[in-house]
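For reference, the structure is listed below as C-alpha cells.
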C-alpha cells in the first residue's frame, strides 16, 4: 500500500515480560484491547475532519482488525515472526451498507471522467482531495504510541487480576 505507514513500539521490555506471564490468547486480547483504546482518539479526529454530507462516511470510520478482500490483496505479507503480531486499522469501513466505500475518493479526490450507470456519458468534473485520514494520522500517531504503555499496563493488570480470581487466589 503506497499510503501505509508501519510503526513498531520498542523499549517496552518490562511490558513484554508481564505479557509473557499471561497465556498467549489472553496476551493477544490484552494487546488488542490496549491498541483499540489507544487508536480511538485517531478515529475520533478523522471523524471530526471528514467532510459531512449525510454522515455515512463519518459514521463508517472505525478501529478494526479486518480488511476487505481488495485491501487484503494489497496488504504486504507478514513474515513468520510478524504473524503473531496484532494489527488494527483505522479508517472507513467497507462493510456492505457502511458509508466508507467512497472514503478513498474523498481523501484523494478524483480526476475528471465520464460517468457510467444511470448517468452514462455525462462528464464529471472531478473533485478536489479533502484529506481526513492522513491529517488525523499525522496529529495522532505519536500520541497513540504514548497512550499505549499505560493502557497496556492497565489491561495486563486487569487480566492478571481476572486470572487470580479465577484460580481462587487472593488479589
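In this note's numbering, the protein residues as written are 1 to 171. By construction, the Cβ of each residue, glycine as well, lies at the ideal position given by its N, Cα and C atoms. Only a predicted model underlies this, so the values are computations on that prediction, with no experimental measurement involved.
Asked                                                                                                                                                                   : Found
Starting from residue 108 and walking both ways along the alpha helix (DSSP H), at which residues does that stretch end?                                                : 103–108
Between which two residues does the alpha helix (DSSP H) holding residue 27 run?                                                                                        : 24–49
Count the other CB atoms, across all protein chains shown, that sit within 10 Å of the CB of residue 105; report buried if there are 16 or more and exposed otherwise.  : exposed
How close, in whole Å, do the beta carbons of residue 184 and residue 112 come, if the pair is a contact with beta carbons under 8 Å?                                   : Because residue 184 is not part of the residues shown, which for the chain are 1 to 171, the question remains open.
What residues are listed by DSSP as bridge partners for residue 89?                                                                                                     : 64
Leaving out the 5 sequence neighbours to the left and right, which residues in its chain are closer than 8 Å to residue 110 when beta-carbon positions are compared?    : 124, 126, 127
Can you tell me whether residue 145 is buried or exposed? The criterion is at least 16 other CB atoms within 10 Å of its CB, across all chains shown.                   : exposed
So, for residue 108: in the same chain, excluding its five sequence neighbours on each side, which residues have a beta-carbon less than 6 Å away from its beta-carbon? : 129
Return the CA-CA distance between residue 71 and residue 54, expressed in angstroms with no decimal places.                                                             : 25 Å
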